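*Asks:*
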Amino acid sequence: ADVSGKLVLYTSQPNADAQQTVDAFKAKYPDVEVEWIRDGTTKVMAKLRAEFEADAPQPDVLLIADMVTMEGLEAEGRLMPHPDADVSAYASALMDAEKHYFSTKLITTGIVYNTSAPMVPTSYADLLGEDAKDKLAMPSPLTSGAATIHMSAITSHPDLGWEFYEGLAAQGANPQGGNGGTYKAIAGGEKLYGFVVDFLPIRNKLEGAPVEFVFPEEGVSAVTEPVAILSTAQNPTAAKAFVDFLISPEGQQLASDMGYLPAHPEIAPPHGFPALSDIKLLDFDPAAALANDQDNKARFINIFGG
Amino acid sequence: MRLIAGLETPDTGRIDLSDREVFGTGVNVPPEDRKVGVVFQSYALWPHMSVAKNVAFPYEAQGVSATHAAERTAEHLERVALTELAGRRPEALSGGQRQRVALARCLASDARTILMDEPLANLDPHLRGTMEGELRAFHDRSEVTTLYITHDQREAMALADVMAVMDQGRFLQLGTPQDIYDRPATEKVARFIGRGTVFEADIRGSEASFQGQIFPVSGPASGRVFIRPERVSIADDGIPAKISTAHYRGGFWEAEALIDGVDASVQLNLAHPAHAGDHVALRFTGGWGLPD
Amino acid sequence: MRLIAGLETPDTGRIDLSDREVFGTGVNVPPEDRKVGVVFQSYALWPHMSVAKNVAFPYEAQGVSATHAAERTAEHLERVALTELAGRRPEALSGGQRQRVALARCLASDARTILMDEPLANLDPHLRGTMEGELRAFHDRSEVTTLYITHDQREAMALADVMAVMDQGRFLQLGTPQDIYDRPATEKVARFIGRGTVFEADIRGSEASFQGQIFPVSGPASGRVFIRPERVSIADDGIPAKISTAHYRGGFWEAEALIDGVDASVQLNLAHPAHAGDHVALRFTGGWGLPD
Amino acid sequence: MGGEGVTFAALILICAALFVLPLGLLACVAIGEGLEAFLSALDGRSVPRAIWNSFESSVLSAFIALVGGTATALVLGLTDVRMKGPVTFLLLIPMMVPPHVTAIAWVQALGPSSALLQAIGLAPEIGSTHPLYSREGVIILLGIQHAPLVFLVVLAALRSLPREMSDAARVAGAKPARLLMRIILPLLAPTLIAGYALAFVSALGNFGIPALLGIPARYTTLPVLIWQRLASFGPTVLTDMAVIAGLVAVIAVAAVVFQMWLASRRRNALIGPPQPPLDIRLGRIRPVVETGLALAIMATLMLPVTALFATALVPTYGVPLTFETVTFANFAEILFRQSVTARAFMNSTIVAAVAAGILAIFAIFVARYAAAQNRAVRRVGTLMTALAEMTYAIPGLVISVAFILAFIRPLPLVDVSIYNTLTIILLAYLCAFFSIALKPVTAATLQLDQSLDEAARVSGAGFYRRMTHITIPLIAPAAASGGILVFLTAYNEVTVSALLWSSGNETIGTTIFNYEDGGYTTLASAMAAVTIIATILLMALLDWAGRRAPPGVVPWRL
Ligand SMILES: Nc1ncnc2c1ncn2[C@@H]1O[C@H](COP(=O)(O)OP(=O)(O)OP(=O)(O)O)[C@@H](O)[C@H]1O
Ligand SMILES: Nc1ncnc2c1ncn2[C@@H]1O[C@H](COP(=O)(O)OP(=O)(O)OP(=O)(O)O)[C@@H](O)[C@H]1O
Ligand SMILES: [Mg+2]
Ligand SMILES: [Mg+2]
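Chains as they are written, first to last, in our numbering: chain A, 4 to 309; chain B, 19 to 310; chain C, 19 to 310; chain D, 32 to 589.
1. Taking only three categories from DSSP, how would you classify D:HIS562?
2. Which same chain residues end up closer than 6 angstroms to B:GLY256 when comparing Cβ atoms and leaving out the 5 residues on each side of it in sequence?
3. With a threshold of 9 angstroms between beta-carbons, can C:MET67 be considered close to chain F, or not?
4. Hey, is the region 81-91 of chain D in contact with the region 168-176 of chain D, meaning 3+ C-beta pairs nearer than 8 angstroms?
5. Round the Cβ separation of B:GLU109 and B:GLN59 to the nearest angstrom and send it over; I've been treating them as touching at under 8 angstroms.
6. Can you list, in chain order, the residues of its chain whose CB lies under 7 angstroms from that of C:LEU145, leaving out five sequence neighbours each side?
7. Determine the contact status of A:ASP34 and A:ASP5, defining contact as a CB-CB distance below 9 angstroms.
8. Give me the subset of the region 73-89 of chain B whose CB atoms are less than 8 angstroms from a CB atom of chain D, sorted by chain position.
9. Under 8 angstroms by Cβ, that's how I've got B:VAL235 and B:PHE217 pegged, so tell me the actual separation to the nearest angstrom.
10. Just verifying my parser: in three-state terms, what is the DSSP assignment at C:VAL183?
11. Which one of D:ASP446, D:PRO79, D:ALA294 has the shortest CA to CA distance from D:LEU253?
12. Can you give me the start and stop residues for the beta strand (DSSP E) that B:PHE233 sits inside?
13. Starting from the Cα of C:GLY212, find the closest Cα among C:ASP220, C:GLN229, C:LEU286, C:GLU78 and give me that residue.
14. Suppose the cutoff is 8 angstroms on Cβ atoms and the five residues either side in sequence are ignored; what does the same chain contact list for C:GLU225 look like?
15. Which value, in whole angstroms, describes the spacing of the CA atoms of D:GLY34 and D:ALA375?
16. Inspect the CB distances between the region 275-285 of chain B and the region 30-43 of chain C and report whether three or more fall short of 8 angstroms.
17. What three-state label does DSSP hand C:GLN196 in the structure shown?
18. Closer than 9 angstroms, CB to CB, is D:LEU211 near chain C or not?
19. For the structure I just gave you, are there three or more beta carbon pairs, one from the region 174-182 of chain D and one from the region 121-135 of chain D, closer than 8 angstroms?
20. Using the Cβ count rule (16 or more neighbours within 10 Å means buried), how would you classify A:ASN117?
21. According to DSSP, what are the bridge partners of C:SER251?
22. Please compile the residues from chain B whose C-beta is within a distance smaller than 9 angstroms of the C-beta of C:TYR166.
23. Give me the subset of the region 473-489 of chain D whose CB atoms are less than 7 angstroms from a CB atom of chain A, sorted by chain position.
24. Take the Cβ of D:ALA463 as the centre, count every other Cβ of all protein chains shown within 10 Å, and call the residue buried at 16 or more, exposed below.
25. Examine chain C for any beta-carbon lying closer than 9 angstroms to the beta-carbon of D:ASP446, and answer yes or no.
26. Around the C-beta of D:PRO304, are 16 or more other C-beta atoms found within 10 angstroms, so that it is buried, or is it exposed?
27. For A:PHE105 versus A:ILE304, is the C-beta distance shorter than 9 angstroms?
28. Could you check the C-alpha separation between D:SER512 and D:ALA187 for me, to the nearest Å?
29. Is the shortest distance between the beta-carbon of D:HIS131 and the beta-carbons of chain B less than 9 angstroms?
30. Please list, in chain order, all residues of the same chain as C:GLU173 whose beta carbon is under 7 angstroms from its beta carbon, the five residues on each side excluded.
31. Quick check: what's the CA-CA separation for D:ALA205 versus D:ALA286?
32. Starting from A:TRP39, follow its DSSP beta bridges and name the residues at the other end.
33. Going by CA-CA distance only, name the one from C:GLY279, C:TRP306, C:GLY305, C:ALA275 that's closest to C:ALA292.
34. Do you know offhand how far C:PHE228's Cα is from C:ASP220's?
35. Which residues in the same chain have their Cβ closer than 8 angstroms to the Cβ of D:ASP484, if we skip the five residues on either side of it in sequence?
36. Note down the Cα distance separating A:HIS267 from D:ILE365, rounded to an integer number of angstroms.
What follows is the structure, encoded as structure tokens:
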């Protein structure tokens, strides 16, 4: 097919990563002119919502943090399926069965601690111990997509469940803002333990930050940075080429080079990460998460007071 | 005044300026087209423009050619003796100079009617005297109808050809200054303009008698006469009176005296010092019979 | 004035008030302790306080008991006839009433010296006349040293016991109003106060001769005489002169006349109408020999 | 009349496009989904609590701002402290620093890793809860952020306070304390009310400080609640947001109406010409007062700014600043490697300058109409003023959404799309910051002697000539002062352009926010540090240029 013309991409990837992705894609398809907008998932979605409201959605392709949001858009009929996509190499849990969205990498949420902390946690249960009292930080599911999925995965875990969150509340945990804020609180020593996405501590540790990331025994939750084509896309051909590029081994290598855990099992993870096969993922069902989204948040507010 | 200039709109009535109807049924010429010049009480000079620019503005507004405007401006500035200050800002001028700028600007509009609202009210008395002379000379030369509003009767009398006394928006009297001073139409005018005494006397034709003294009066017959201080003198055979106040006014004393049996105190001028309580004998040398 | 009140600090010198040194070498009593009362040119009433509160403020500042302060305030308000307006805000008062409030407030400070800065400058002439009388009466009753600053000589002469003529920050003459009017110390004072004519004449003792006319003069001998308009009359055998200007002033005409061979124009008052260009014959009835 | 009528009509059209259209569309969204959606947006405990928190934090922080701003203005305006110029300048800088940068800086300054506190051994214990993550933290920081606003307003009023008012009190025997309490403060009452209202409305619309300090403390204000609703991604987010924004607007308008009512009761008609400032001699307590001022500058400026620089100079957040760790890599990265930084500086400078220029002129016309003699015209002018007040209080994020709704489609007739261009950011700035430009101009217009315009009328000058030759030159200083404030505000803002920026059209604020958001704290700090330096340089430049200008043009020049 003739892959050319203008492609509009809305993404929540950090600036530099988004730039690299776009550059690599353009190197492969020089006839495509990519126009992209990068912002936090919240703001990207707010912008998109306003565009929906005005009946003029701009993007062809959406590359955002979490599957639950994609599931919601799919339910509203906003996504275009891409049946020809080759997902054979991937774990089936990472891809939408109807091929509306496709995971591109794994951003896991595990435990982070400040290296000056007295205890080295290895499991979620360790955080309920005496050493961690009043020393906990975590992102709020009301702000962070990754935290929403983390909450959804943990509360549906048979050994942890809502009791675990109630335990965290009893420990004085105070969910604040997004992952950036949580990471800062731990790196800055305001708090000692917390949940955070993997790449922040792993990358900064290499720069000398006093932090360490732990993959807990129970497993980690993951946001998979899914990519999807909008049903209102102006340039579906280029959009499909973009999706195909991201899930190709070449695109996956790019993700690894940028410092993320690739979703493709055969691509080597970046320095500092364990192999994909060594990482235990908590079970997660995006459709169920979407259905329970409001309930979960209400329950969360009940426990932590919003 | 604001009605005449068109800055406010009257409820009803008709205003003509130089034989042109500017307000009336269905007519309301906007101020910018009325061809009136106004000297505001506050002068209303534009502080951000030089003297010359202030004066040149009306020409500019009329779209006159720059050279012509400059010529006329220079002419007007010369007429008010401000040529040397043409480049200054209004803030660097004294009160009298500002007033002259306002005058020059009002001339520059080549108006057929000039309205002046208490132009000298904010000046100190010395400057006021000088400006009064200049205004008079200027009016004589320019021959433009000028409406001059003031609270100061001395000023009004010195400047006006025709003087109107207004009270609460109504004309009380219209006439030459001398007319109004010597022959006030009502008691109100008499009391308002200058000093004087009003009392009941027995008027017969052109003579009045009061406590045995007979003196000439003119004016419409009535029981009340009005006497200016100039017509009160001290005479040995006069009516006995007692000074109640006396103020030195430079060269003479402004005094009031009380006559037994008369409520009003008599206003008079004395050439010699006097003190409250002194006894004098008064003689009236002329009066004006007030109409009823 | 601001120096006396202590609102500004002089570079050097010494100021005594009622026998107390308030400024001098090493002494500088702050304004709040000088015990002076000031009536400001703008009155400076506090718009957020009622009339009574304005007047009571000095007592409040001195920490006087509330009942005593209220009593004294009522007293002062009565003295300026404002008892009925005690509850009003200054903005709801007329100019004259405001002036009276300022006066009452200044009394309330029980000051030993009162300073008034052109208190009547902003009033219209009628009100000014009334207020002048009130100020005088008030001064007679209160017996407080009052320093009254004004540009209006008529006002100054009417009110003052002692009058000082100031020019560029220096005293030119200090004396009673009559002294200053009749016997000016310098030509500058003569020209500044009232009207008059200065010319060269031949002075011999107490007589002066000018163009053949001989008239009495007093004062330090000199070649220059100063003649007030009151001392100029019209006489058939007088010196011929030509009227240059004449303004009606209510009852008389203020005129200037030119005599051949004399630069200065003669100031005179005429009882009858006159026009520029009329010929008159002048007679001088008295003069003052100016010092050199 | 012709020219005047046409201009008036044009003004109404512009106002309709800038204020009525976006806000109207937003209102449609609020009620468009039906009553049920409307009520469900208000449902639950969170909305009433956020209303209360917003109200409480605005009331209390405005009070702090009032006390702090007034006290410093009185000290600088009435006493003989030294170095008034530089002190005024330094006290105003915190106002020009974007709120989220202020919050970040303060958190760093008072946290366990604070270089400053560690140096003096006062750093909180590692792992302890940050003292600023609390209701009090939000309120105090909002107070500090807005105190310079009150300071500026009171200082200007002191300048026009007739000096004889205080002279009269002094000769009446009043000591400085009584002079202050009984005369000066009551005379300043309308100004104090206006300053309080300004601080209140500013705090009400503030997002940066409650977002960074309030969220961890679970102290949610209305603007933060809007943000959280946005983050729920559901299809009703816009309705929720519009409804909550409506609440903010209602509170803001109520506050402004209340202010006008109060001020009209306390009206003290005394606008005099500028007077030489009163110099109360402080004598022996002068060093004490001066030390106090120095401490205030230390606390409001030095403390947060040094924290920011300390973070900007380390390789990654959390590494203590020592001689071994100090690096300029962050500055090098943002200044020389990231093209977005230079572009953001360029974009912000252009858009802020253009917005300042347009608003300054626009304000002259609106203020003139709001002071017009014709009743109907005056009503329309007043309505425009009220709209401006509303949009100033509505959180910037909501303005963003409203502008997306209004301008996503190509403009009718010309068929040009301004979506994803700098133009839409410019329009949003015009809408959000109009109130700032209007305030000084309204004050100046009310002081303008009407006879100046009338004198030009009887000289035969039509509307345009009077506007260009008389009114505009006379109001220009006030308009310039308003324009400068707009420029400095727009230069650093982040929320208005939050949803409107696009690649190539970044602003300084969004760039800092994106760095912070993406976890690049050190880069964000470096960029914020550069921004503060740039702001100070700009203010210094204006200050220098203001030496030649008439008094009042540069707002902080005494
Ligand atoms: N058409 C009108 N209808 C009712 N009242 C009017 C009308 N025109 C003028 N007035 C009133 O007449 C009064 C006199 O106005 P004007 O401006 O002439 O005052 P003034 O005598 O010049 O005062 P000042 O001496 O202080 O300058 C004003 O108070 C005004 O309210
Ligand atoms: N110590 C001083 N050193 C130098 N100049 C002084 C000093 N004190 C006063 N002056 C000057 O003397 C001038 C006269 O001041 P003053 O306030 O008495 O004016 P004024 O005659 O009352 O003016 P107005 O009639 O307009 O009220 C002022 O311009 C002031 O600058
Ligand atoms: Mg008038
Ligand atoms: Mg004076």
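Every residue, glycine too, gets a C-beta built ideally from N, C-alpha and C.
Bear in mind the structure is a predicted one, so any value in this text is a computation, not a measurement.
*Replies:* This is what the structure gives:
1. Numbered from 1 along the fourth sequence, position 531 holds the residue referred to as residue 562 of chain D. His is not the amino acid found at residue 562 of chain D; the sequence shown has Thr there. DSSP places D:THR562 in helix when its eight states are reduced to three.
2. Within the second sequence, residue 256 of chain B is the residue found at index 238, counting from 1. If we look at B:GLY256 and ignore the five residues flanking it on each side, its Cβ neighbours are ALA299, LEU300, ARG301.
3. Looking for chain F here will not work: the only protein chains present are A, B, C and D.
4. yes
5. On the second sequence, position 91 is the one that residue 109 of chain B refers to. On the second sequence, position 41 is the one that residue 59 of chain B refers to. No, B:GLU109 and B:GLN59 are not in contact; Cβ-Cβ is about 18 angstroms, not under 8 angstroms.
6. Within the third sequence, the letter at position 127 stands for residue 145 of chain C. GLY113, GLY114, listed in sequence order.
7. Walking along the first sequence from the start, residue 34 of chain A turns up at place 31. Walking along the first sequence from the start, residue 5 of chain A turns up at place 2. Yes, the Cβ-Cβ distance between A:ASP34 and A:ASP5 is below 9 angstroms.
8. PHE75, PRO76, GLU78, ALA79, GLN80
9. For the purposes of this step, residue 235 of chain B is taken as residue 217 along the second sequence, with counting starting at 1. For the purposes of this step, residue 217 of chain B is taken as residue 199 along the second sequence, with counting starting at 1. Between B:PHE217 and B:VAL235 the Cβ distance is about 12 angstroms, and since that is not below 8 angstroms, they are no contact.
10. Here residue 183 of chain C is taken as the residue at index 165 of the third sequence, counted from 1. Strand, per DSSP.
11. For the purposes of this step, residue 253 of chain D is identified with residue 222 of the fourth sequence, where counting begins at 1. Out of D:ASP446, D:PRO79, D:ALA294, D:PRO79 has the C-alpha closest to the C-alpha of D:LEU253.
12. The sequence position of residue 233 of chain B within the second sequence is 215, counting from 1. Counting along the chain, the beta strand (DSSP E) containing B:PHE233 begins and ends at 231-236.
13. By 1-based counting over the third sequence, the position of residue 212 of chain C is 194. For C:GLY212, the nearest C-alpha among the options comes from C:LEU286.
14. Residue numbering aside, residue 225 of chain C sits at position 207 when the third sequence is read from its first letter. Only ILE232, PHE233, PRO234, VAL235 meet the Cβ criterion.
15. Taking the fourth sequence and counting its residues from 1, one reaches residue 34 of chain D at position 3. Taking the fourth sequence and counting its residues from 1, one reaches residue 375 of chain D at position 344. D:GLY34 and D:ALA375: Cα-Cα distance of roughly 40 angstroms.
16. no
17. Reading the third sequence from its first residue, position 178 is the one you call residue 196 of chain C. Looking at C:GLN196 - three-state DSSP - the assignment turns out to be helix.
18. Reading the fourth sequence from its first residue, position 180 is the one you call residue 211 of chain D. So, not an interface residue.
19. yes
20. Here residue 117 of chain A corresponds to residue number 114 of the first sequence, with the count starting at 1. Buried, by the Cβ-count rule.
21. Numbered from 1 along the third sequence, position 233 holds the residue referred to as residue 251 of chain C. DSSP lists C:ARG301 as partners of C:SER251.
22. By one-based count along the third sequence, residue 166 of chain C stands at place 148. Here the premise fails: no neighbours, minimum Cβ distance about 14 angstroms.
23. none
24. Walking along the fourth sequence from the start, residue 463 of chain D turns up at place 432. With 16 or more Cβ atoms within 10 Å of its Cβ, D:ALA463 is classed as buried.
25. Within the fourth sequence, the letter at position 415 stands for residue 446 of chain D. Not closer than 9 angstroms to any Cβ of chain C, the Cβ of D:ASP446 fails to qualify, so no.
26. Along the fourth sequence, read from residue 1 onward, the residue named residue 304 of chain D stands at position 273. Because D:PRO304 carries a pLDDT of 48, less than 50, the predicted location of this residue cannot be relied on, and no value is offered for it.
27. The sequence position of residue 105 of chain A within the first sequence is 102, counting from 1. The sequence position of residue 304 of chain A within the first sequence is 301, counting from 1. For A:PHE105 and A:ILE304, no; Cβs fall outside 9 angstroms.
28. Residue numbering aside, residue 512 of chain D sits at position 481 when the fourth sequence is read from its first letter. Residue numbering aside, residue 187 of chain D sits at position 156 when the fourth sequence is read from its first letter. Each residue's Cα considered, the two are about 12 angstroms apart.
29. Sequence index remark: in the fourth sequence, residue 131 of chain D carries index 100 (1-based). No, its Cβ sits nowhere closer than 9 angstroms to a Cβ of chain B.
30. Stepping through the third sequence from its first residue, residue 173 of chain C is reached at position 155. Once the five neighbours on either side are set aside, the close Cβ partners of C:GLU173 are LEU138, GLU150.
31. In the fourth sequence, counting from the first residue as 1, residue 205 of chain D sits at position 174. In the fourth sequence, counting from the first residue as 1, residue 286 of chain D sits at position 255. Distance between the alpha carbons of D:ALA205 and D:ALA286: 35 angstroms.
32. Stepping through the first sequence from its first residue, residue 39 of chain A is reached at position 36. DSSP lists A:LEU12 as partners of A:TRP39.
33. By 1-based counting over the third sequence, the position of residue 292 of chain C is 274. Comparing Cα positions, the closest option is C:ALA275.
34. Here the question's residue 228 of chain C lines up with position 210 in the third sequence. Here the question's residue 220 of chain C lines up with position 202 in the third sequence. Straight-line Cα distance between these residues: approximately 6 angstroms.
35. Taking the first residue of the fourth sequence as 1, we reach residue 484 of chain D at position 453. If we look at D:ASP484 and ignore the five residues flanking it on each side, its Cβ neighbours are ARG497, ILE501, THR502.
36. As a first step, residue 267 of chain A is located in the first sequence; it is residue number 264 there, counting from the start. As a first step, residue 365 of chain D is located in the fourth sequence; it is residue number 334 there, counting from the start. About 33 angstroms.
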